[in-house]
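Contents: one structure, followed by commentary.
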Amino acid sequence: MKSIYLDYASSTPLAQEVIEAMVHVISNDNFGNPSSIDHEYGKHAHDVVEACRLDVAHLINADQREIIFTSGATEANNLAIIGSYQFNPKNNFGTIITSMNEHKSVIEPIKTLEKEGLKILFLSSKRNGLMDLKDLEKNIDEETSMISLMHINNETGVCNDIESIGEICKKNDVIFHVDAAQSIGKVPIDVKRLKVDLMSLASHKIYGPKGIGALYINGESLGRVASILKGGSQERGIRPGTLPTHQIVGMAAAFRLAKKHMDRDLSHIRECRTLFLKSIANIEGLVINTDDASTFPGIISLCLPGLDAESIIFGMNSIALSKGSACTSDSDEPSHVLRSMGLSDEEIRGTLRISFGRYTTMKEVSIAAKSLAKVVKHLMLIKGH
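Using my numbering, read the sequence shown as starting at 614 and increasing by one per residue.
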C-alpha cells in the first residue's frame with residue numbers, strides 16, 4: 614500500500630509552485646550576494662530578496678522593513694528572546710512569563726537566561742491546553758518585561774487567544790513575543806490588530822523550504838533586539854550572514870500561496886478532521902485531548918489510555934503520524950505539553966498526533982481511520998481487554 618502522510622504539523626511537502634520558483638531563481642544568474650550591491654549580480658539578488666520580504670510581510674500585515682530573515686523559527690525564537698534580553702543591561706530587563714506548553718526553542722533559551730539570573734515564570738495551562746488569561750494578567754507586575762507564548766500548539770493544535778493576550782501586554786507595557794511557526798499561513802494573522810511586538814515565522818510548515826524563516830519585529834522594537842550572532846551587518850545588523858536567495862524565494866512563494874488558498878485549505882482540513890473523528894468515534898476508550906472550539910482543525914491529539922503510542926504507530930507502518938512534536942519524538946521524556954495539561958504518564962504514553970494538510974485526500978483519511986481502529990482492536994486483544 615502507498616504510504617500516507619499525516620504528519621503535516623511536523624513538516625510539509627514543497628508545493629510545486631515553490632519548487633518552480635526556486636529552480637527558476639537558481640537557474641537564472643541569481644547567484645550574486647544580495648549584500649554586494651556594487652554590481653548588477655548583487656543588485657539583482659538584492660531586489661529579488663526585497664520583493665520576497667514584501668510578500669512575507671503582506672501575509673501578516675507588516676511593513677517589509679519589519680521582517681528579519683533567519684534560518685527558521687527556532688533561530689527566530691532564540692533571537693526574539695535572547696536578543697531582547699541582550700539589548701538591555703541586566704538590571705533593566707525583568708521577568709519573562711511563558712508557559713510549559715511552549716516549543717523547546719522557546720523554553721530552552723529562556724532556561725538559559727534563567728541560569729544568568731533572570732527571573733522566569735512558567736505558567737501551566739488549563740486542562741484544555743489554553744492559557745488562563747486571568748491567571749496570566751494576575752502574574753504581571755512592574756518587573757515583567759516579556760511574555761512569550763505560541764499561537765497554535767504544535768502537539769495539540771490548541772489555539773491561544775493572541776488578540777486578548779496582546780491587549781493585556783499593551784495595557785501593561787510588556788513586550789509580546791508570539792511563536793507562530795504552526796499558525797502562519799494557516800489562519801489569518803494581522804500583527805497590528807494582535808498588538809504583537811515579535812513574531813517567529815517558519816517556511817517548511819506551509820509547503821516552503823526548510824532552513825529559512827523570519828522574525829517579525831514591529832517598528833518600535835526594531836532597535837531593541839540585539840544580534841545574537843556576530844559577523845556582518847546584514848538584516849539591519851540584527852542577523853548577520855549571507856542571505857540564501859533561493860530559500861527566501863521559496864519561502865515567499867509559499868507565503869503567496871498560503872494567502873491565496875487559506876480559506877480553501879482551512880475548509881479542506883475541517884472536512885478531513887470531521888471525517889476522521891466520525892470514523893474513529895466507536896474506538897473503545899479513545900479520548901480527544903482538546904476541545905474542538907479552541908483547536909486548529911488540522912491537528913488532532915488523541916489518547917488511548919493503556920496502549921502504547923509507539924506500538925500503534927508501528928502497527929500503522931504505512932501511515933506517517935507521530936507521538937507529538939518532531940523535536941521531541943526521539944526522546945524518552947514524556948511530553949511536557951501534555952503533562953502541563955494534566956495528563957497522566959499512562960495517558961501521555963497513549964497519545965498520538967495526526968495532522969492534515971493541503972494534499973491530504975478524503976480517501977487517505979478513511980484508510981488511516983480504518984487502520985487505527987484495526988490496530989487498536991488487535992492491541993487490545995493482545996492485552997486481554
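Glycine is no exception: its CB is placed at the ideal position from the N, C-alpha and C atoms.
Cβ distance (whole Å) where residue i is taken to contact residue j below 8 Å
{"i": "G779", "j": "K732", "result": "Not a contact, Cβ separation roughly 23 Å."}
{"i": "V804", "j": "I673", "result": "5 Å"}
{"i": "V771", "j": "S907", "result": "6 Å"}
{"i": "Y829", "j": "L814", "result": "7 Å"}
{"i": "T903", "j": "G742", "result": "5 Å"}
{"i": "H817", "j": "T625", "result": "6 Å"}
{"i": "G707", "j": "S758", "result": "4 Å"}
{"i": "G863", "j": "A634", "result": "6 Å"}
Limits of the beta strand (DSSP E) - the one that residue i falls within
{"i": "M975", "result": "Counting along the chain, M975 falls outside any beta strand (DSSP E), though it belongs to the alpha helix (DSSP H) covering 975-996."}
{"i": "L736", "result": "733-736"}
{"i": "S914", "result": "912-916"}
{"i": "S758", "result": "757-763"}
Sequence-distant residues of its chain with Cβ nearer than 6 Å to residue i (five each side left out)
{"i": "V950", "result": "N714, E768"}
{"i": "G806", "result": "Looking at the sequence shown, residue 806 is not Gly but Arg. Result list for R806: empty, nothing under 6 Å."}
{"i": "F909", "result": "I765, G770, C772"}
{"i": "V978", "result": "C885, L888, F889"}
Proximal residues to residue i (C-beta, below 7 Å), its chain only, five neighbours per side dropped
{"i": "V662", "result": "P647, L856, T858, I861"}
{"i": "F735", "result": "T711, S712, M713"}
{"i": "L870", "result": "A628, E630, Y820"}
{"i": "D958", "result": "P947"}
{"i": "F868", "result": "D668, V669, L672, G798"}
{"i": "K783", "result": "K808"}
Segment limits, alpha helix (DSSP H) that includes residue i
{"i": "T858", "result": "858-892"}
{"i": "S924", "result": "922-928"}
{"i": "K907", "result": "Correcting the residue type first, residue 907 is Ser in the shown sequence and not Lys. Segment: none, S907 is in no alpha helix (DSSP H) and carries neither H nor E."}
{"i": "I951", "result": "According to the sequence shown, residue 951 is Leu rather than Ile. Counting along the chain, the alpha helix (DSSP H) containing L951 begins and ends at 949-953."}
{"i": "L749", "result": "746-751"}
{"i": "I961", "result": "958-962"}
{"i": "S640", "result": "629-640"}
Spatial neighbours of residue i in its chain, beta-carbon cut-off 8 Å, leaving aside the 5 residues before and after
{"i": "D642", "result": "Y654, H657"}
{"i": "D748", "result": "L736"}
{"i": "P832", "result": "Correcting the residue identity first, residue 832 is Gly in this sequence and not Pro. The residues are D676, R678, E679."}
{"i": "S777", "result": "L746"}
{"i": "K801", "result": "Per the sequence presented here, residue 801 reads as Pro, with Lys not at that position. Cβ neighbours of P801 beyond the five flanking positions: M875."}
{"i": "R883", "result": "P910"}
{"i": "G844", "result": "P853, G854"}
{"i": "D754", "result": "T708"}
**Message:** Measuring CB atoms only, is the region 965-982 touching the region 617-625, in the sense that at least three cross pairs come out at less than 8 Å?
**Reply:** yes
**Asked** Are the region 830-839 and the region 878-892 touching, with three or more C-beta to C-beta distances below 8 Å?
**Response** No contact exists between the region 830-839 and the region 878-892.
**Prompt:** Could you give the uninterrupted runs of the alpha helix (DSSP H) lying entirely in the region 647-726, keeping only those of 4 residues or more?
**Reply:** For the region 647-726, whole alpha helix (DSSP H) runs of length 4 or above, ordered along the chain, are 653-672, 686-700.
**Message:** Under 8 Å, with one C-beta from each stretch per pair, do the region 631-639 and the region 751-764 reach the 3-pair mark?
**Reply:** no
**Asked** Which parts of the region 772-842 are runs of the alpha helix (DSSP H), unbroken and 4 residues or longer, counting only runs that do not cross its ends?
**Response** Runs of the alpha helix (DSSP H) lying entirely within the region 772-842 and spanning at least 4 residues, in chain order: 775-784, 804-807.
**Item:** Inter-stretch contact at 8 Å, needing at least 3 Cβ pairs: the region 925-933 / the region 888-898
**Value:** no
**Asked** Is it a yes or a no for the region 707-724 touching the region 792-799, going by three-plus beta-carbon pairs under 8 Å?
**Response** The way I'd put it, the region 707-724 does touch the region 792-799; three or more beta-carbon pairs between them come closer than 8 Å.
**Message:** Across the region 894-901 and the region 916-927, are there enough close Cβ pairs to call them in contact, namely three or more that are closer than 8 Å?
**Reply:** yes
**Asked** Can at least three beta-carbon pairs, one atom from the region 684-694 and one from the region 810-825, be found at a separation below 8 Å?
**Response** yes
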